[in-house]
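One structure is given here, and the rest of the page talks about it.
Laid out in structure tokens, this is it:
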């Protein structure tokens, strides 16, 4: 039972991404048999798990289009709120470099929800299909956390269950202690499969072999509200350290590693056996659509999520 029972877990959806490799707004693209988006399935699973509120992190220039797709679908089942991620929305005292044109990254995106969330909360990507069991694992853990103490947890997927057949992906590769607590997450921004199914990541123009059994973060993570204060302080330092690098991003995995090393937080990695399906490329879309179709036929999801 949550130690502060009126603070039921919330969910924060990172939906401000530009989708440059996908070529369109994949946050609102249709994948289900009745036009459902991937977000629809995530929210459906979150509601079934017990989450009571969702905060969408979006950009102002997609607000109208985004709300047109989602407003009214599940507002009678879950409280809905929005926050914006923009280059110029930063904590007081931070000066945005004139050369900055790239979004600040996933750590900054989560920080945008600080005024909207006062309960333990999950963070998810808008374009990853996580599976119902994974949401239940996360909710059950969050529901036992004290909102006044800094705590976190992570749902870990096996790397081989997260890859695209159509190009490279970014994954946070986890290093675990002997007790299965997270020691650090290393963001690998160029992981791919070769024709023989060998898996590599590229760094500084060199490639390194992976086994595929590594546990990785798909940004299905959970935190308590004090994490927002940590993000604010660390983001200010990040901007200072990268004043001459307008493309640098403050990744959520870097923030996670920071709370482990700097705040002595023991962060359990809760492994899920599920596959996760992402839509990094247009060629991923038919694969995800077929997977959803199969799950509908097996009765895991109804043919139409919302009535």
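Numbering (this note's numbering), first residue to last: 7 to 313. We put the beta carbon where it would ideally sit given N, CA and C, even for glycine.
Just to confirm the assignment, what range does the beta strand (DSSP E) spanning residue i have?
{"i": "residue 181", "result": "175-182"}
{"i": "residue 128", "result": "127-131"}
{"i": "residue 186", "result": "Neither: residue 186 is in no beta strand (DSSP E) and is coded neither H nor E."}
In terms of residue numbering, what span does the alpha helix (DSSP H) encompassing residue i cover?
{"i": "residue 302", "result": "291-303"}
{"i": "residue 148", "result": "138-148"}
{"i": "residue 246", "result": "232-247"}
{"i": "residue 261", "result": "258-269"}
Which same chain residues end up closer than 7 Å to residue i when comparing Cβ atoms and leaving out the 5 residues on each side of it in sequence?
{"i": "residue 115", "result": "20, 22, 63, 91"}
{"i": "residue 252", "result": "103, 105, 106, 107, 108"}
{"i": "residue 113", "result": "237, 241, 256, 257, 258, 260, 261"}
{"i": "residue 139", "result": "278, 280"}
Measure the beta-carbon distance from residue i to residue j and round it to whole angstroms, keeping in mind my assumption that it falls under 8 Å.
{"i": "residue 79", "j": "residue 46", "result": "7 Å"}
{"i": "residue 266", "j": "residue 190", "result": "7 Å"}
{"i": "residue 282", "j": "residue 134", "result": "6 Å"}
{"i": "residue 13", "j": "residue 126", "result": "7 Å"}
{"i": "residue 264", "j": "residue 280", "result": "Not a contact, Cβ separation roughly 28 Å."}
{"i": "residue 88", "j": "residue 311", "result": "So it is not a contact: roughly 21 Å between Cβ atoms."}
{"i": "residue 278", "j": "residue 143", "result": "6 Å"}
{"i": "residue 15", "j": "residue 119", "result": "In fact, because the Cβ distance is near 13 Å, the residues do not count as touching under 8 Å."}
{"i": "residue 163", "j": "residue 273", "result": "So it is not a contact: roughly 16 Å between Cβ atoms."}
{"i": "residue 4", "j": "residue 99", "result": "Residue 4 is absent from the model: the chain starts at 7 and stops at 313."}
{"i": "residue 123", "j": "residue 18", "result": "7 Å"}
{"i": "residue 182", "j": "residue 275", "result": "6 Å"}
In terms of DSSP beta bridges, what is residue i paired with?
{"i": "residue 14", "result": "According to DSSP, which records beta bridges pairwise, residue 14 is partnered with nothing at all."}
{"i": "residue 120", "result": "Residue 120 is not bridged to any residue."}
{"i": "residue 197", "result": "175, 207"}
{"i": "residue 276", "result": "161"}
{"i": "residue 88", "result": "62"}
{"i": "residue 216", "result": "205"}
{"i": "residue 283", "result": "135"}
{"i": "residue 191", "result": "180"}
{"i": "residue 228", "result": "128, 159"}
{"i": "residue 170", "result": "Bridge partners of residue 170: none, in fact."}
Counting only the same chain and skipping the five closest in sequence on each side, list residues whose C-beta sits under 8 Å from that of residue i.
{"i": "residue 27", "result": "With a pLDDT of only 46 at residue 27, under the threshold of 50, the placement of this residue in the model should not be trusted; the figure read from the coordinates follows. Closer than 8 Å at the Cβ level, and outside the excluded window around residue 27, lie 173, 286, 287."}
{"i": "residue 84", "result": "49, 52, 53, 57, 58, 59, 60"}
{"i": "residue 200", "result": "206"}
Starting from the C-beta of residue i, find all residues in its chain whose C-beta is less than 6 Å away, skip the five residues before and the five after it, and write them out in chain order.
{"i": "residue 8", "result": "In this prediction, residue 8 has a pLDDT of 44, which is less than 50 and means its spatial position is unreliable; what the coordinates show is noted afterwards. Same-chain partners within the cutoff: 149."}
{"i": "residue 179", "result": "192, 194, 220, 222"}
{"i": "residue 70", "result": "none"}
{"i": "residue 75", "result": "34"}
{"i": "residue 151", "result": "126, 157, 230"}
{"i": "residue 42", "result": "311"}
{"i": "residue 10", "result": "For residue 10, the pLDDT reaches just 45, beneath the cut-off of 50, and the residue's location in the model is therefore unreliable, although a value from the coordinates is still provided. Counting only Cβ-Cβ distances below 6 Å, and skipping sequence neighbours, we find 153."}
{"i": "residue 234", "result": "120"}
Could you pull out every unbroken beta strand (DSSP E) segment of at least 3 residues lying fully inside the region 28-86, listed in chain order?
Every beta strand (DSSP E) stretch that sits fully inside the region 28-86 and reaches 3 residues is listed by chain position as 59-64.
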